[in-house]
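Residue numbers for the sequence shown follow the working numbering, beginning at 1 and rising by one.
Just so you know, even glycine gets a beta-carbon here, dropped at the ideal spot from N, CA and C.
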Amino acid sequence: MVDTNGILDFKNWWGKIYERDAISLESQSSSIPRSVKQHFLMSNFMEFENFPKMKGVVVTRPFIGNVVENNTLDLRKNKTQTVTLPTQNAYDGPVPLKINKIEDLKRTIQYISAEHKTYYENIIKNWPKY
């Protein structure tokens, strides 16, 4: 079983420390038109690099190992705050499964090998459902 004590609550943590909509340092000038400004969109980049001397600054690249740096972004809200990892757990216990998922598992358990069957039977009997 997955131990949920090791899953930290990054979803609620990161927004308190980092900007949700950062604009690249190269396009922050007021002389640059709004339509040309480069916003931080995680899905547009494949490589992220940070530097210990420039805390909160991330250099992004469109491809891994690309020589051309795409954007330099300062993602931190508070430059004086020391960033620490979240300490709060994301879940209080096991994440409940939908009843449909449990029913699917019941139908497929006949195809699971004997060495793994007890694991799945335990999920069917004991896992919280909604």
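Item	Value
DSSP-derived helix/strand/coil call for N50	strand
Opening and closing residue of the beta strand (DSSP E) in which N66 lies	Premise fails: N66 is in no beta strand (DSSP E) and is neither H nor E.
Paired residues, beta bridge with D74 - DSSP	V57
Contact between the segment 72-90 and the segment 11-26 (3+ Cβ pairs under 8 angstroms)	yes
Simplified DSSP state of K117, which is helix, strand or coil	helix
For P86 and I123, the rounded distance between their alpha carbons	29 angstroms
CA-to-CA distance, N50 to G56, given in whole angstroms	7 angstroms
For V95, the nearest candidate out of F45, W127, L8 (CA to CA)	W127
The segment 61-68 touching the segment 4-11, judged by at least three CB pairs closer than 8 angstroms	no
V36 versus E103, L25, A114, residue with shortest Cα-Cα distance	L25
Heavy atom of the ligand NAP within 7 angstroms of K16 beta-carbon	The ligand NAP is absent from the structure shown, which contains no ligands of any kind.
Sub-8 angstroms separation of I109 and Y120 beta-carbons	yes
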